[in-house]
Structure formats: structure tokens, C-alpha cells
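K.L.:
In order, the protein sequence lines correspond to chains E and D. Position one of the first sequence corresponds to residue 8 (the numbering used here), numbered consecutively onward. Position one of the second sequence corresponds to residue 2 (the numbering used here), numbered consecutively onward.
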Amino acid sequence: MSMDWFKSSKKVAKVSDEERHVRTEGLWVKCEGCRQVIWRKDLADTLNCCPKCDFHFKVDARTRLKYLLDDENWIEHDAGLESTDPLGFVDSKSYKSRLAGMQKALGMKDAVISVTGKLLGRTVNVCALELKFIGGSMGSVMGEKITRAIERSIKDRAPLIIVSASGGARMQEGAVSLMQLGKISASLMLLDRAKVPFISVLTDPTTGGTTASFAMLGDLNIGEPGALIGFAGPRVIEQTIRQKLPEGFQRSEFVRDHGFLDAVVKRSEMREFIDKSLTFFLGPAA
Amino acid sequence: MSEAQNSQRIADLQKEMAELQMSSSGARARMQELESEMLKLKGEAGENISWERVKLARHPKRPHSLDYIQRIAPDFIEIHGDRNYGDDAAIVCGFGTVAGEHVMIIGLQKGRDTKQKLLRNFGMPKPEGYRKALRAMELASKFGRPIVTLLDTPGAYPGIDAEERGQAQAIALNLREMARIESPLIVIVIGEGGSGGALALGIGNRVYMLENAVYSVISPESCAAIIYRDSSKGDVAAAALKITASDLSKLGLVDGIIPEPPGGAQEDYDRAAEFLQTALLSAIRELKGMTPEQLITQRCDKFRKMGSFFTE
Ligand SMILES: [Zn+2]
């Protein structure tokens with residue numbers, strides 16, 4: 008099917024790539040699942056899932072919150088927290104200027120938004136990770152914001168939901184970011200003790216230290232369809248074992264079938280799934 | 002100063018450092034001064050100390066967990082298996098007495114010759130290794146026995162089978178459940194502290210690093226491959242990543258630095274083990290009086306404070 012489209016488009020379109028880019032930018036998007044071209048406008052009506060094959064497109068943290076919560080009357084927490092650049096790290100550019108660039112482009116200080124809002128009438132604390140912000144990587148700010156969200160959940164007994172999209176710990180903060188895995192996980196032990204539910208939603212991609220800490224520690228771990236979920240990235244594994252990885256390796260369905268996700272749930276059914284789970288744990292929303 | 006005076010001073014500094022190890026975090030400042038003085042005496046100041054440390058931490062003759070265990074707990078009994086899938090030789094678990102103290106010892110174990118390296122999977126654990134370690138820690142917790150973990154790994158094994166059996170989940174669970182352990186938990190980085198694969202045994206009431214150990218979120222070579230597109234620039238990345246014991250101490254991520262014999266632990270296993278034992282025993286004696294709840298609170302608070310951020 009994808010080949011058909013490819014051939015016909017070649018025949019018809021004699022415009023340069025650049026011209027086509029300008030003409031179609033923002034209007035069309037090619038589905039990674041079925042290779043069909045889709046009106047971006049149509050995607051808005053389907054929660055950014057392909058109307059033809061149900062491929063789940065990546066969405067940013069704010070959109071994620073809109074999809075999950077009843078309305079946009081949420082309270083955002085700790086929006087002003089910023090990293091101090093503890094190592095004075097410089098690669099192709101300084102970490103400080105990288106942060107400044109990201110902050111300007113995305114209108115947020117770091118890679119996570121932490122809010123309190125309503126999900127089908129129930130008060131919940133939600134942290135949504137922003138993949139566009141240095142790969143959704145976890146540094147001091149994410150460590151602190153998630154830990155504060157956990158503490159908020161312990162204090163007000165509101166369930167915690169973390170929606171992950173992250174490549175793991177943030178290299179530019181070195182061992183400081185590594186320790187955030189420990190900081191968050193130890194706080195989750197206290198949440199567990201307090202018997203307040205924690206739902207972990209893993210979206211494409213969730214790897215490295217993010218998977219190897221809070222993302223795998225939910226009372227329920229829920230994956231979106233087709234999301235890449237793992238510890239080591241596929242390229243690292245291929246380099247280690249020097250062979251091609253099997254089809255579907257480290258995708259949500261694979262991770263579920265190996266026993267590490269409770270369920271793979273479509274974006275359109277996520278709210279109801281979480282609500283039913285929380286109702287089982289706590290009873291209906293007050 | 003003459004050469005003889007010089008080496009006498011180095012020996013004195015090392016002795017004082019070993020003793021400081023026993024005291025609280027207030028000693029950290031003095032430790033820094035001692036170390037910088039020692040670096041000057043050794044003529045190392047100004048060189049790429051970080052990369053020298055990486056080489057020492059990976060030195061082929063560097064003592065591994067079992068070398069220390071033999072020396073500090075001659076009556077050590079090894080226990081095997083995660084009661085679920087199998088036994089992972091990259092992590093050694095067991096108990097013994099260290100100067101009269103009953104201790105659960107958990108060590109990440111690299112191999113020395115080729116056969117041993119393969120057996121130990123180059124010190125890269127699989128999920129069953131982490132699960133075995135957690136089982137051993139919970140066993141010690143149940144009976145109130147202190148635990149020491151010895152960290153020395155390039156990282157958790159990145160392979161198909163490890164992924165299939167839940168490498169990420171195994172590490173995550175250890176991070177959370179180590180916080181819940183009811184007995185004293187002491188972590189010592191003896192060689193390579195390779196990212197999450199090391200931290201999975203790293204949540205302690207006390208965290209120490211050997212003088213030439215490194216602890217990093219990513220290997221210097223992998224970091225160099227990302228930022229310079231050249232994995233041979235590991236030396237430059239090592240310095241940028243701030244991975245040495247004194248770096249981590251300055252960042253407030255470890256409680257102390259355990260000195261090594263002159264030239265590194267590989268030069269004198271007995272003395273290296275002696276320093277390690279001194280630090281371990283003083284930590285055990287410090288923590289022994291605490292209740293399970295106090296130990297849990299202290300451990301959680303310690304990690305709670307890690308991080309570096311501000312609000313405008
Ligand atoms: Zn599609």
C-alpha cells in the first residue's frame with residue numbers, strides 16, 4: 008500500500024522537494040505506521056492517532072494534559088524551577104545556552120510539566136514529560152518537580168499520574184542527574200507506603216534511566232500502542248550483540264507480553280482506563 | 002621537600018584521610034584540602050586527573066569485589082539465585098563477619114582472565130542479578146543485619162535477554178526497595194560506578210568512593226561519541242562529566258573518599274582492603290544505634306536533597 012502511494016506521487020508531482028515542503032508544510036503529515044499522507048487537521052479530531060491505522064503520533068506535554076484531563080483549569084506547580092548547570096558542562100555549545108534556547112523555543116523551563124487537575128471529576132496530580140526538551144531527559148529540575156508531585160500526592164492523597172516520554176538521565180548534569188533516579192524512586196517508596204495510587208503511562212519513547220526508575224514503578228504500568236519502551240536503546244543493543252533486533256522488539260506489546268506492562272491502552276481509551284483503575288483502588292470520584 | 006619527606010607526608014595524609022572517613026560530613030572540607038595537597042605532592046595537579054582515575058578504576062589488576070571480600074570476611078558464605086529465573090555471576094551475594102560484625106555483602110564482580118570475564122559477563126548484571134541482590138538485602142533487613150554493597154560495573158547488560166526479562170524494572174525496583182530496607186546500608190564504589198547498573202545497588206545510608214573510583218551517568222566513551230562524534234575522546238568527556246571521587250564529594254553526592262595505597266589499590270590489595278574495612282566498620286558502628294525507621298528516614302532524606310536548581 009505504501010509503495011502504491013509512493014509510485015503515484017512520483018508520477019504526479021514534478022515539483023522540487025523544497026517547493027513541496029513549503030506548499031505542504033504543516034498541512035500534511037506522513038503516517039509512520041501506514042506511510043499514508045494525512046491532513047494534520049484530521050489528526051486533531053483523533054487525538055493525534057492515524058485515522059487509517061491508529062498509529063499514535065507523539066504529542067507534546069501540554070497536549071497530553073489536554074487529552075488526559077477534563078479541562079484546562081489545572082493548577083501548574085513549580086513552573087519556575089531551572090537547572091543551575093552543576094557541572095558547567097560544555098559540548099558543541101554550553102549546557103546553559105542549550106537550556107536557554109530550549110526554554111525560549113518551548114516556553115518552559117525544563118522537560119516536565121507538573122499540574123493538579125481533574126480526571127473525570129477526580130483530583131489528580133499529573134506530571135507530563137516533554138520529549139522535545141533535550142529528549143525529555145531527567146536532570147535536577149525533573150527530579151525535584153516529580154519528587155514534589157509525589158509529596159503533594161502523599162499530603163493531599165490525590166493519585167499520581169506520570170506520563171513518560173524520555174531518553175533517560177540528562178548527560179549534561181552528570182552524576183547529579185543519575186542520583187535523580189534514586190531520589191524519585193525513594194520518594195515513590197514513601198508514596199507506596201502511604202497507599203496512594205501511582206499510574207505510570209509510558210509513551211513513545213521511554214528508555215534508559217526513566218524506564219529504570221519511576222516509569223516501571225507504577226501500581227499500574229500502562230503503555231500506549233507501539234511505544235518504544237526499554238532500558239538500553241536499540242542501537243546500543245545492536246552494537247553489543249552485533250545482530251539485527253527482531254521486529255517489534257521493545258515495543259509496548261512486546262513489553263506487555265514479557266510481563267512488564269499491565270496493559271497497552273489506546274490514547275482514546277486512556278482516560279476511562281485510568282478512571283476505572285482509580286475507582287477500583289479508591290472508589291468513585293467524590 | 003626531599004623524596005623521603007614527600008612519601009612520609011603522603012603516608013601521613015593517607016592515614017589522616019582514613020581516620021577522617023570515620024567522622025561526619027563536616028570533615029569533607031578538610032578532606033578536599035588534604036587531597037589537593039596530596040595531588041600537588043604527587044605532581045598530578047594540572048594533568049587530566051579524571052582520565053587517570055578512569056584508567057585506574059579499570060586497571061586490569063585492580064582488586065575486584067571478591068578480592069576485598071576474601072580479606073575483610075574470610076568466613077564468607079555465598080548465596081545464589083533470585084528464586085525466580087537463575088543465578089547471575091556478575092553479582093556476588095553472601096554473608097560473613099567483618100571484625101566480628103555480621104554483614105551481608107553484595108559485590109558487583111568483574112573477571113580477571115578471559116574465562117572469568119565471560120563467567121562474570123564483564124561485570125554487567127542481568128535482571129536476575131539485581132533481583133538476587135534485592136532478595137539478599139531483604140533477607141538481611143529481616144534480621145537487622147547491616148549490608149554493604151561494592152559497586153564495580155561498566156553498566157547493566159544491554160542485551161536482548163536482559164530486556165526480555167525486564168532490566169529496567171529490576172533496576173527500578175531495587176532503587177525503590179533499597180529505600181525501604183530496615184538495616185544499615187553502606188555503599189562503596191570500588192571501581193567503575195557505571196550509571197543505573199551501579200546505582201541499582203547504590204541507595205545507602207552512607208555512600209563512599211575509593212580514591213580512584215569513578216561514578217558516572219554515562220561512560221566517557223559513550224559521552225564522547227554523542228558530543229564529539231568520536232568515542233576515542235573519552236579523556237575529554239571524562240573531565241567534562243565530573244566523575245571522580247572528589248568531584249562527587251564536591252557535588253554532595255557521596256559522603257566520603259576512602260584512600261588507596263600509593264599508586265592505586267592494585268599496588269597493595271591487603272592495604273586497600275584494610276582502608277575499606279576501616280571505613281565500613283566505622284559506618285556500621287555509627288548506624289547500628291539507629292532504629293529501622295530512623296535508617297529509612299535518613300536514607301530517603303539523603304537522596305531527597307540531591308539536585309541543583311533555582312527559581313528566579
Ligand atoms: Zn497510519
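Here a beta-carbon is modelled for each residue, glycine too, at the ideal position from N, C-alpha and C. Since we're looking at a predicted model, the values are computed, not measured.
Taking the beta carbon of D:I78 as the centre, do at least 16 other beta carbons fall within 10 Å, making it buried, or is it exposed?
P.N.:
D:I78 comes out exposed.
K.L.:
Shorter than 8 angstroms from the beta carbon of D:A241 to some beta carbon of chain E?
P.N.:
Output row for D:A241: interface = yes.
K.L.:
Report the three-state DSSP secondary structure of E:E254 (helix, strand or coil).
P.N.:
Three-state result, E:E254: coil.
K.L.:
Just to check, is the beta-carbon of E:C57 closer than 7 angstroms to a non-hydrogen atom of ligand 1?
P.N.:
Yes.
K.L.:
Can you tell me the Cα-Cα spacing of D:F276 and D:P155, whole angstroms?
P.N.:
Taking the straight line joining both Cα atoms gives about 24 angstroms.
K.L.:
Run through chain E and tell me which residues come within less than 7 angstroms of D:F144, C-beta to C-beta.
P.N.:
Per Cβ cutoff of 7 angstroms: no residues; D:F144 is ~21 angstroms from chain E at best.
K.L.:
Can you give me the C-alpha to C-alpha distance between D:R177 and D:P260, rounded to a whole angstrom?
P.N.:
D:R177 and D:P260: Cα-Cα distance of roughly 30 angstroms.
K.L.:
Using 8 angstroms for Cβ pairs, my map puts E:T154 next to D:R136. What's the rounded Cβ distance?
P.N.:
Not confirmed; about 27 angstroms, so no contact.
K.L.:
In chain order, what residues of the segment 219-233 of chain E put their CB closer than 8 angstroms to some CB of chain D?
P.N.:
For the segment 219-233 of chain E, which is checked against every Cβ of chain D, the residues closer than 8 angstroms are A219, S220, F221, A222, M223, L224.
K.L.:
Report buried or exposed for E:E79, applying the criterion of at least 16 other Cβ atoms within 10 angstroms of its Cβ.
P.N.:
By the neighbour-count rule (16 or more Cβ atoms within 10 Å), E:E79 is not buried but exposed.
K.L.:
Regarding E:Q43 and ligand 1, is the C-beta to nearest heavy atom distance less than 7 angstroms?
P.N.:
E:Q43: yes, Cβ under 7 angstroms from ligand 1.
K.L.:
From the DSSP secondary-structure annotation, give me the bridge partner or partners of E:A292.
P.N.:
DSSP, once it has assigned bridges, lists no residue as partnering E:A292.
K.L.:
Going by other Cβ atoms of all chains shown within 10 Å of its Cβ, with 16 needed for buried, is E:V44 buried or exposed?
P.N.:
That one is exposed.
K.L.:
Is E:Q257 buried or exposed, if buried means 16 or more other CB atoms sit within 10 Å of its CB?
P.N.:
Answer is buried; the Cβ neighbour count reaches 16.
K.L.:
When every heavy atom of ligand 1 is checked, does at least one fall within less than 7 angstroms of the C-beta of D:C224?
P.N.:
Every heavy atom of ligand 1 is 7 angstroms or more from the Cβ of D:C224, so no.
K.L.:
Within its chain, find whatever has a CB closer than 8 angstroms to the CB of E:D61; leave out the 5 residues flanking it on each side and keep chain order.
P.N.:
Result list for E:D61: G40, P232, K273, in chain order.
K.L.:
Just tell me which of D:E222, D:Y69, D:W52 has its CA closest to the CA of D:V93.
P.N.:
Measuring from the Cα of D:V93, the nearest candidate turns out to be D:Y69.
K.L.:
Going by DSSP, which residues form a beta bridge with E:G230?
P.N.:
DSSP lists E:L209, E:V271 as partners of E:G230.
K.L.:
Determine the closest residue to D:G194 out of D:M125, D:A273, D:T98, D:G87, with distance taken between C-alpha atoms.
P.N.:
Ranking D:M125, D:A273, D:T98, D:G87 by Cα distance to D:G194 puts D:M125 first.
K.L.:
Note the first and the last residue of the continuous alpha helix (DSSP H) segment covering D:G194.
P.N.:
Run containing D:G194: none in the alpha helix (DSSP H); it sits in the beta strand (DSSP E), 186-195.
K.L.:
Let me check understanding here. Comparing Cα to Cα, which of E:I168, E:R129, E:S147, E:V122 lies closest to E:G230?
P.N.:
Minimum Cα distance to E:G230 is reached at E:I168.
K.L.:
According to DSSP, simplified to helix, strand and coil, what is E:D85?
P.N.:
E:D85: coil per DSSP, three-state reduction.
K.L.:
Which residue marks the beginning of the alpha helix (DSSP H) containing D:N122, and which one marks its end?
P.N.:
Looking at the DSSP string, D:N122 is not in any alpha helix (DSSP H), and its letter there is neither H nor E.
K.L.:
Between the alpha carbons of E:L285 and E:L34, how many angstroms are there, rounded?
P.N.:
Between E:L285 and E:L34, the C-alpha separation is close to 38 angstroms.
K.L.:
Would you say D:Q170 reaches chain E, if we count a Cβ-Cβ gap shorter than 8 angstroms as a contact?
P.N.:
Answer yes: the Cβ-Cβ gap between D:Q170 and chain E drops below 8 angstroms somewhere.
K.L.:
Please report the residue range of the beta strand (DSSP E) in which D:V215 lies.
P.N.:
Here the beta strand (DSSP E) through D:V215 covers 215-217.
K.L.:
Quick one, are the C-beta atoms of D:A141 and D:M179 less than 8 angstroms apart?
P.N.:
It is not a contact, given that the beta carbons lie outside the stated cut-off.
K.L.:
Quick check: is any heavy atom of ligand 3 less than 7 angstroms from the C-beta of E:G40?
P.N.:
In the structure shown, ligand 3 is absent; the only ligands present are ligand 1.
K.L.:
So E:V243 contacts chain D; which residues on that side make the cut at Cβ distance below 7 angstroms?
P.N.:
Those within 7 angstroms of E:V243 in chain D are P159.
K.L.:
Within the 8 angstroms Cβ cut-off, does D:V188 reach chain E?
P.N.:
Not an interface residue.
K.L.:
With a threshold of 16 other CB atoms inside 10 Å of the CB of E:I82, please say whether the residue is buried or exposed.
P.N.:
It is exposed - the Cβ of E:I82 has fewer than 16 other Cβ atoms within 10 Å.
K.L.:
Could you check if E:F64 belongs to the surroundings of ligand 1, using beta carbon to heavy atom distance under 7 angstroms?
P.N.:
For ligand 1, not one heavy atom lies less than 7 angstroms from the Cβ of E:F64.
K.L.:
Quick one: list the residues of chain D neighbouring E:F96, beta-carbon separation under 7 angstroms, in chain order.
P.N.:
Neighbours of E:F96 on chain D, chain order: A241.
K.L.:
Does the segment 156-174 of chain D come into contact with the segment 233-249 of chain E, if we say contact requires no fewer than three beta-carbon pairs (one atom in each stretch) closer than 8 angstroms?
P.N.:
Verdict: yes, contact present.
K.L.:
Looking at D:C94 and ligand 1, is the gap between the Cβ and the nearest heavy atom below 7 angstroms?
P.N.:
Not so, every heavy atom of ligand 1 lies at least 7 angstroms from the Cβ.
K.L.:
For D:G235 versus D:A246, is the C-beta distance shorter than 8 angstroms?
P.N.:
Not closer than 8 angstroms, so no.
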